[in-house]
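One structure below.
Residue numbers (full-length UniProt numbering): 1 to 183.
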C-alpha cells in the first residue's frame with residue numbers, strides 16, 4: 001500500500017564502500033528489479049569510509065544505476081583518508097545528492113564552485129556522524145560553506161542523535177543565521 005498510518009514510505013538502498021563493488025552491483029540490480037514491481041525504491045547510496053576502496057571501483061556500478069534511472073547519492077567526507085581523486089571523481093559524476101561527513105577539504109569546494117560546474121547538488125549533512133569532542137566545529141564549517149556557496153542543505157541524523165551530538169547546536173545555529181533567523 002502507498003500509505004500506511006499516514007506515512008509514505010520510500011527506500012534509498014545504501015551500500016557501504018567497504019563491502020566492495022560486487023555487493024554494490026547486486027544491490028543496484030535488486031533495486032532495478034524492485035522498481036519494476038513497486039515505486040518504494042527511489043535510489044541508491046554508496047557511502048562509508050573510503051580507506052579500503054577507491055570510488056573508481058564503484059563508478060561502473062553507479063553509472064548502471066543512473067542508466068536505470070535510479071537517483072544516486074554519494075557519501076563523501078566520511079574519512080580523513082579520502083583522496084582528492086575520489087573527491088574529484090564524485091563531483092564530476094554529479095550525483096543527485098551528496099551526504100557529507102565532517103572531512104570536506106577546501107579543494108572539493110573549489111572544484112564544486114568552478115564556473116563549469118554550474119549545478120548545485122543538494123547536500124545532506126549527517127550531524128549524527130560527528131565523533132569529535134565538544135568544540136569540534138568541522139560540521140559547522142561544512143554547513144556554513146555549503147550555505148554560503150548556495151547549496152541546498154538538509155541536516156540529517158534523527159532527533160536523538162541531533163540532541164546528543166556536540167556540534168548539533170552549532171550546526172543548527174549556522175543554518176538559522178544563514179536563514180536570517182534568531183539564534
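Even for Gly, the Cβ is constructed at its ideal location relative to N, Cα and C.
Since this is a predicted model, take the numbers as computed values, not measurements.
Going by the beta-carbon positions, is the gap between residue i and residue j smaller than 8 Å?
i: residue 35; j: residue 41; result: yes
i: residue 72; j: residue 65; result: yes
i: residue 58; j: residue 24; result: yes
i: residue 79; j: residue 103; result: yes
i: residue 18; j: residue 48; result: yes
i: residue 81; j: residue 54; result: no
i: residue 124; j: residue 146; result: no
Let's test the definition: count the other Cβ atoms within 10 Å of the Cβ of residue i and tell me whether it reaches 16, buried, or not, exposed.
i: residue 144; result: buried
i: residue 9; result: exposed
i: residue 7; result: exposed
i: residue 152; result: exposed
i: residue 67; result: exposed
i: residue 15; result: buried
i: residue 63; result: exposed
Return the residue from the list the options that minimises the CA-CA distance to residue i.
i: residue 88; options: 63, 68, 56; result: 56
i: residue 107; options: 68, 83, 123; result: 83
i: residue 121; options: 100, 96, 141; result: 96
i: residue 46; options: 105, 93, 140; result: 93
Our contact map puts residue i next to residue j with C-beta atoms below 8 Å; I'd like the distance itself, whole angstroms only.
i: residue 61; j: residue 12; result: So it is not a contact: roughly 15 Å between Cβ atoms.
i: residue 90; j: residue 74; result: 5 Å
i: residue 100; j: residue 32; result: Their Cβ separation, rounded to whole angstroms, is 27 Å, which puts residue 100 and residue 32 out of contact at 8 Å.
Opposite residue i in the DSSP bridges: which residues?
i: residue 155; result: 125
i: residue 14; result: 45
i: residue 98; result: 74, 123
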